[in-house]
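This report concerns only the one structure given below.
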Amino acid sequence: MISSDVSAGMWSGIQRATYGLIEPNLRPDALYRRLWGTKDKSGAIRIDYEESAEMRKSEPQLLMIPHTKEHAMHQRLKNPTLPKFKEMDNLHFRRVLREAQYHLGHGLRHYMVDGVFGNHAGSGTPYRIFTDSPNHAYVATIAACRKFNYLSAEESSLTKRVGGDPLEELAWRKPGVIIYHCPSYDFEAPRIVEEFGGPRPSDLGLVHQKFIALDPYAIPMKAVMGGILGAEELLKTTAFLCARWGFYADDKKHITLNADSIISKDGKTLTVIIGDASDAVRGSSLLHSTQNIRIGDGFVSRCWDSEVVASKGATLRNRDLVETSTGTVFRPLSGHHGKDAEKTLSNRLLGRRRVGRYGSEHSYTSDVASKAAASGHLLGSSTKPDTEAIVGRSATFRLADTKFIVLGSKGTVAAEAAAKGIVEAFTKKGWLYAEEDKLTAALSDMFGKSKGVSGEDNLSKVVKGE
């Protein structure tokens, strides 16, 4: 295990010498064994955060630092005004950020999760999440897209033997977005001792311990989340800042949508469903992704390698995390769809690939001939192996092979009308991450290069892969 003197990047603000342990980039399997909650027969973990009745009724305070002349000088474009968000003085934000860093660094342990928002190498946004909850770290880890192998705590000793300090690898990587997530943050006097006791929380504009404070103008962009217990809110906040980074960084105009997507049965076409999709869509065996889609460089890619479904009526599986207080299930997205798809989880979930005496051991099938073939045996079977029924779940599709469905519409939808409708929906939900005119133009241009935009008339057929 990496000792407590780890630097999580000197720029992260979490001090080099802290009281607690930092556990960077644990495998989901390692975090699964540390989850808080109760385990049922299916292997799913249930957790009820038991938030007090008073705090359950309290809406999170939504705060954002104001756009200043200095931001304009450095060409940091102003984020559109979002409903329910209030301005927070920049100095107050920095102080709250220091409190969060101190809170994370001086607990018993905190977790660091690195990931890429988007599966396509050309349009993905790297991010880093710090949290002191193993449950939220597990959700962030199964959701993180990892095209290359991040250094994990278990592998640090191996890396050190090969040569080079493994801690340096953590320090040099600087992502586009950093989230400081403190679900156990309590509303008390400042932890940083000063001569006259320091400012009170009310002096910093905080009414209670539940808040989300954003700095969308920094590099990297930052968010501080205090007292937010639902893990889905963590993913939404990460997605918002990654969406802004992807659109404005290097002026690439990568588009992020709140959408679910379905793969056709032949695996050649992707259908993106924009709007509040039903449980039937997220329960489809041909599911490509839930929550968010990243579009850039002519490709449409999955942003999260996990599923988020409602717990009501859901069939629980091994390694699911169920939040009974929010009615949400978080589960790893299997690497395949088709027969026994839920058993074909990525090997990155389990740590290093298990290699047995006669080759690779896997749980894709119990068929002896298939196992022998996968292990490299020359003598095969006359029957077809069961693994032929398993189809890979593609993470990325060409934009030219992608259809779009806008829920609430009928028939063929014009590209400009669809773009304006999406921007209006972003504005109402407080998710508008770019200027309206620029985002509308980018969406309209993107829809024009796709396979077409239509209403929800054929949604039932799409869910079946037809």
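According to our numbering, the sequence shown is numbered sequentially starting from 162. Backbone N, C-alpha and C fix where the C-beta goes; we use that ideal spot for every residue, glycine too. If you're wondering where the values come from, they're calculated on a predicted model, not measured in any experiment.
- Query: How many Å lie between Arg492 and Ala205 at the Cα?
  - Reply: Looking at the two C-alpha atoms, the distance is approximately 9 Å.
Would you give the residue range spanned by the beta strand (DSSP E) that Ile435 belongs to? Ile435 -> beta strand (DSSP E) spans Leu431 to Ile435.
| message | So, with DSSP's three-state summary, where would you put Gln262? | response | Correct three-state label for Gln262: helix.
Checklist entry - With C-beta atoms as the reference, is Gly407 less than 8 Å away from Gly366? => result A distance of 8 Å or more separates the beta carbons of Gly407 and Gly366.
Residue from Arg188, Gly553 and Tyr193 with nearest C-alpha to Asn479: Ranking Arg188, Gly553 and Tyr193 by Cα distance to Asn479 puts Tyr193 first.
**Message:** Using the Cβ count rule (16 or more neighbours within 10 Å means buried), how would you classify Trp465?
**Reply:** The C-beta of Trp465 has 16 or more other C-beta atoms within 10 Å across all chains shown, which makes the residue buried.
Practice prompt. Tell me, to the nearest whole angstrom, how far the beta carbon of Leu560 is from that of Met607; I am working on the premise that it is less than 8 Å.
Written response: About 7 Å; that satisfies the 8 Å criterion.
| query | To which residues of the same chain is Ser467 closer than 7 Å at the C-beta, ignoring the five residues directly before and after it? | reply | Annotation for Ser467: Ile303, Ala304, Phe491, Arg492, Pro493 and Leu494 place their beta carbon closer than 7 Å to its own, counting only its chain and skipping 5 residues before and after.
Consult DSSP for Ala374 and reduce its assignment to one of helix, strand or coil.
In this structure, Ala374 counts as strand in the three-state DSSP scheme.
Look up Asp250 in the DSSP assignment and say whether it is helix, strand or coil. Looking at Asp250 - three-state DSSP - the assignment turns out to be coil, as it is neither helix nor strand.
Closest to Lys335 by C-alpha separation, out of Leu223, Ala379 and Val257, would be which residue?
That would be Ala379, whose Cα lies nearest to the Cα of Lys335.
- [ ] Reducing DSSP to helix, strand and coil, say where Pro185 ends up.
- [x] Secondary structure at Pro185: strand, using DSSP grouped into helix, strand and coil.
Rounded to whole angstroms, what's the CA-CA distance from Met216 to Lys371? Just pull it up for me.
So the alpha carbons of these two residues sit roughly 8 Å apart.
Exercise. Would you kindly work out how many angstroms separate the C-alpha atoms of Ile373 and Thr242, rounded to a whole number?
Key: Each residue's Cα considered, the two are about 16 Å apart.
Q. Using a Cβ-Cβ cut-off of 7 Å (strictly less than) and excluding sequence neighbours within five positions of Ser219, which residues of its own chain qualify?
A. Cβ neighbours of Ser219 beyond the five flanking positions: His369 and Lys371.
Can the beta-carbon of Thr399 be found closer than 8 Å to that of Val461?
For Thr399 and Val461, no; Cβs fall outside 8 Å.
| said: Please give me, in chain order, every unbroken run of the beta strand (DSSP E) with length at least 3 that falls completely inside the stretch 372-425. | reply: Whole beta strand (DSSP E) segments, 3+ residues: 372-376, 382-387 and 416-424.
- Query: Under the DSSP definition of a beta bridge, which residues are partnered with Asp275?
  - Reply: For Asp275, which the question treats as bridged, DSSP gives the partners Arg289.
Within 10 angstroms of its Cβ, does Lys414 collect 16 or more other Cβ (buried), or is it exposed?
Buried is the call here.
Quick check on Gly609: does DSSP put it in helix, strand or coil? The three-state secondary structure of Gly609, taken from DSSP, is helix.
Grouping DSSP H, G and I as helix and E and B as strand, with all else coil, what is Val338?
Val338: strand per DSSP, three-state reduction.
(Q) Mapping the DSSP letters down to three states, classify Ile566 as helix, strand or coil. (A) Three-state result, Ile566: strand.
Quiz item: Between the C-alpha atoms of Phe278 and Arg289, what's the straight-line distance to the nearest angstrom?
Solution: The alpha-carbon separation between Phe278 and Arg289 amounts to approximately 10 Å.
Figure out for me which residue from Arg455, Trp197 and Arg307 has the closest Cα to the Cα of Ala603.
Of the candidates Arg455, Trp197 and Arg307, the one whose C-alpha sits nearest the C-alpha of Ala603 is Arg455.
ask   = Between which two residues does the alpha helix (DSSP H) harbouring Ala150 extend?
value = As shown, the chain starts at 162 and ends at 627. That puts residue 150 outside it, with no answer to give.
For this session: From the DSSP output, in three-state form, read off Asn240 for me.
Result: In this structure, DSSP gives Asn240 a state outside helix and strand, which the three-state scheme calls coil.
Worksheet item: Excluding sequence positions up to five away, which residues of its chain have a Cβ less than 6 Å from the Cβ of Ala595?
Response: Hits under 6 Å: Phe408.
Cβ neighbour criterion (16 or more within 10 Å) applied to Met171: With a pLDDT of 41 at Met171, under the threshold of 50, the modelled position of that residue is not reliable, and the figure given next carries that caveat. With fewer than 16 other beta carbons inside 10 angstroms of its own, Met171 counts as exposed.
Host alpha helix (DSSP H) of Thr302 (start-end): From DSSP, the alpha helix (DSSP H) with Thr302 extends over Pro295 to Ala304.
Which of the three DSSP states is assigned to His228 in this structure? Judged by DSSP in its simplified three-state form, His228 adopts coil rather than helix or strand.
Looking at C-beta atoms only, is the number of pairs between the stretch 249-256 and the stretch 418-433 that lie closer than 8 Å three or more? Contact between the stretch 249-256 and the stretch 418-433 is not established, with fewer than three Cβ pairs separated by less than 8 Å.
- Compare the C-alpha of Arg195 against each of His297, Val623, Phe246 and His342 and name the closest. For Arg195, the closest C-alpha among the options His297, Val623, Phe246 and His342 is that of His297.
- prompt: When we look at the beta-carbon of Ala392 and count the other beta-carbons within 10 Å, is it buried (16 or more) or exposed?
  reply: Buried, by the Cβ-count rule.
- When DSSP labels each residue in this structure, what does Lys200 get in the three-state scheme? Lys200 sits in a strand when the DSSP states are folded into three classes.
Requested in this report: Note the first and the last residue of the continuous beta strand (DSSP E) segment covering Glu484.
Outcome: Annotation: the continuous beta strand (DSSP E) that includes Glu484 extends over Leu482 to Glu484.
Handout entry: Simplified DSSP assignment, three categories, for His492
Key = This sequence places Arg at residue 492; His is not what is there. In the structure shown, Arg492 sits in a strand (DSSP, three-state: E or B).
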